[in-house]
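Q: Have a look at this one before I ask anything.
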Amino acid sequence: MKNQTVLIYTLLTIIPFLSCSGDDGPVAPEQLPVPGGIQILDYGNRGDGRDLFISFLRVPEEDKVKSYHLILVKEGSTAPDIETAPSLNADKMFTITKTGFAIEEQVSRQFSDLDGDPVRNDQPYTAYLYTESNTDAFQGSLSSGTQVTLKDTDYYEVRTLITLPGLEAISYSPEGFLMMPGSRTSLYRVDLSTSTYRVFDSNLNWPLGGGYDINDGVYYASLYGGGQILKYTHDGESTVIATGLQGPTGIVSDGNGNLFVANYDGGYISKIDSDGQKTIFANNSSGLINGPDGLVLVGNQLYSINFLDGRILKISSTGEVSLFTTLPGTTTGYIGYAGGYFYVPSLSERKLFKIDMNGNFESIAGLGADGFIDGPAPLARFSTPNGVAIKGDTVFVGDNGRIRMVIRHD
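So in my numbering, spot 316 of the sequence shown is number 320, and the numbers just go up one at a time.
Written as structure tokens, this is what we have:
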């Protein structure tokens, strides 16, 4: 059973306001600025609104704030106002005690809406945040309404694993390592048990993509600059197994000796058999391929993602290309798959998307703003998330010289 914790994570923001003071008469109390960016998610499995995640932007006058109060109003019910909000009963709002940058509280009672009814999942609400002042010099403030519907969902947290030079595609090995190209010349191997890395190979001509054979665990790397595919033994010895590719990026092995390679510059997908014979497996007669980047196999079904427009493509066993789904944004990274879901980082959106087998998608991490801020996934910040690999409940994301971990908690 999931824990019964309400997580409230707030960020500082500058919200200017006008002074009400003047030269004549008594000074009227100024109103506290209204916190913005309210987000509410239900990470529980009780169906009653406990295990909420609440986030909002703090006001700079934090020293004038006594506490924040969350008020939920059912659809069709009367909204609170600044006059009635301070006198509401405690069971009709959730009080957020001001105790520093991050706040964590245990909920031991049922949280009710403004009508006094228990908060339930799948019930549309309008959320208001009342900010209570601790001084007569300031009046409290009440935010405008934010539409929310509470639904049980997983709780994700973002952490930074390690920093290393540059990053492209990330692959998880059966031996418990991460392998990735970086800095346009090298391959790096990260030991997850020690959070350290070493240079696996160097002096390469712009390595971009890579992947492991699902059976024997050998690693393949694509050299974008040289148009080659390298095969690495467990000891790090490399062999060129294919040449003449047009900007190779993503690689995936089918476990039967065949490789599929995305040709970014050529706009097609190649197939390389166990004898090293290279053919065009999927051309762009459909017009859907646009900067092919990552590849993934789900069973015998091949999927490709476009770097330049966010489209995920489905490629049949005969090389026919069709649209699977389109993600928001103008540039997307590589693609990973595990447990019935695809995972795709978006460079332009600065988010990590989770996609089901029907093409429905949701953002599970990333505020959408530039940065390297860890913490609760909805408020975490990415810079240029690109590579992706999955191990258990953790999605590893390559982000401009950092490996970020998006961790799902029960």
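No residue lacks a Cβ here, since even glycine has one placed at the ideal position from N, Cα and C.
Straight-line CA distance for K318 to S197?
A: On the sequence shown, position 314 is the one that residue 318 refers to. On the sequence shown, position 193 is the one that residue 197 refers to. If I take the Cα positions, the gap works out to 36 Å.
Q: Are the CB atoms of D205 and G240 nearer to each other than 8 Å?
A: In the sequence shown, residue 205 corresponds to position 201, counting from 1. In the sequence shown, residue 240 corresponds to position 236, counting from 1. A contact, by the Cβ cut-off of 8 Å.
Q: Let me make sure I understand the geometry here. Which of V401, K275, I377, A381 has the alpha-carbon closest to that of G337?
A: Stepping through the sequence shown from its first residue, residue 337 is reached at position 333. Closest by alpha carbon: V401.
Q: Suppose contacts are defined by Cβ-Cβ distances below 8 Å. Is T243 in contact with Q232 by that definition?
A: Indexing the sequence shown from 1 puts residue 243 at position 239. Indexing the sequence shown from 1 puts residue 232 at position 228. Contact check for T243 against Q232 fails: the beta carbons are separated by 8 Å or more.
Q: When we look at the beta-carbon of A373 and count the other beta-carbons within 10 Å, is it buried (16 or more) or exposed?
A: Start at 1 with the first residue of the sequence shown, and residue 373 comes out as number 369. Counting Cβ neighbours within 10 Å, A373 comes out exposed, since fewer than 16 surround it.
Q: To the nearest angstrom, how far is it from the Cα of V348 to the Cα of V392?
A: In the sequence shown, the residue the question calls residue 348 occupies position 344. In the sequence shown, the residue the question calls residue 392 occupies position 388. Looking at the two C-alpha atoms, the distance is approximately 7 Å.
Q: Is there contact here, the stretch 170-182 with the stretch 403-412, by at least three beta-carbon pairs under 8 Å?
A: Note that the stretch 170-182 touches the stretch 403-412; at least 3 beta-carbon pairs, one per stretch, sit closer than 8 Å.
Q: Within the continuous beta strand (DSSP E) that includes D205, where are the two ends?
A: Your numbering for residue 205 matches position 201 in the sequence shown. Start and end: 200-205.
Q: CB-CB under 6 Å to Q43, same chain, minus the five flanking residues each way: which ones, in chain order?
A: Taking the first residue of the sequence shown as 1, we reach residue 43 at position 39. Here the set comprises S59, P382.
Q: Please classify E136: is it buried, with 16 or more other beta-carbons within 10 angstroms of its beta-carbon, or exposed?
A: Translated into positions along the sequence shown, residue 136 becomes position 132. So E136 counts as buried.
Q: Taking buried to mean at least 16 other C-beta atoms within 10 Å of its own C-beta, is I86 buried or exposed?
A: For this step, residue 86 is matched to residue 82 along the sequence shown. The residue in question, I86, is exposed, as its Cβ has fewer than 16 Cβ neighbours within 10 Å.
Q: Strictly under 8 Å for the Cβ-Cβ distance: is T237 near chain C by that measure?
A: Any reference to chain C falls outside this structure, which holds one protein chain only.
Q: Identify whether E241 lies in helix, strand or coil by the three-state DSSP scheme.
A: As a working note, residue 241 is residue 237 in the sequence shown. Coil at E241, not helix or strand.
Q: Going straight from the alpha carbon of Y228 to that of G215, what length do you get?
A: Numbered from its first residue, the sequence shown carries residue 228 at position 224. Numbered from its first residue, the sequence shown carries residue 215 at position 211. Roughly 14 Å separates the two Cα atoms.
Q: Are the beta-carbon atoms belonging to S177 and L36 less than 8 Å from one another?
A: Within the sequence shown, numbered from 1, the residue matching residue 177 stands at position 173. Within the sequence shown, numbered from 1, the residue matching residue 36 stands at position 32. Contact: no.
Q: With distance defined between alpha-carbon atoms, name the residue in L263, G375, R202, N219 nearest to G213.
A: Counting from one through the sequence shown, the residue named residue 213 turns up at place 209. Cα-wise, what sits closest to G213 is L263.
Q: Roughly how many whole angstroms lie between the Cα atoms of L299 and N364?
A: Against the sequence shown, residue 299 aligns to sequence position 295. Against the sequence shown, residue 364 aligns to sequence position 360. About 19 Å.
Q: Should N362 be labelled buried (16 or more other beta-carbon atoms within 10 Å of its own) or exposed?
A: Sequence index remark: in the sequence shown, residue 362 carries index 358 (1-based). Looking at its Cβ environment, which holds fewer than 16 other Cβ atoms inside 10 Å, N362 is exposed.
Q: Does DSSP classify L196 as helix, strand or coil?
A: Counting from one through the sequence shown, the residue named residue 196 turns up at place 192. In this structure, L196 counts as coil in the three-state DSSP scheme.
Q: Exposed or buried, which one is S25 when buried takes at least 16 other CB atoms within 10 Å?
A: Along the sequence shown, one-based indexing puts residue 25 at 21. For S25, the predicted structure reports a pLDDT of 45, less than 50, and the residue's modelled location is therefore unreliable. The matter cannot be settled from this model.
Q: Please name the residue, chosen from T253, P33, S257, that lies closest to P211 on a Cα-to-Cα basis.
A: Position 207 of the sequence shown, counting from 1, holds the residue named residue 211. The closest CA to that of P211, considering only T253, P33, S257, is found on T253.
Q: Grouping DSSP H, G and I as helix and E and B as strand, with all else coil, what is L263?
A: By 1-based counting over the sequence shown, the position of residue 263 is 259. Note: L263 maps to strand in three-state DSSP.
Q: Where K235 and S190 are concerned, what is the direct C-alpha to C-alpha distance, given to the nearest angstrom?
A: Along the sequence shown, one-based indexing puts residue 235 at 231. Along the sequence shown, one-based indexing puts residue 190 at 186. If you take the alpha carbons of K235 and S190, they lie about 15 Å apart.
Q: Below 8 Å between beta carbons: does that hold for F376 and S367?
A: Translated into the one-based positions of the sequence shown, residue 376 becomes position 372. Translated into the one-based positions of the sequence shown, residue 367 becomes position 363. Not in contact: F376 and S367 (Cβ atoms no closer than 8 Å).
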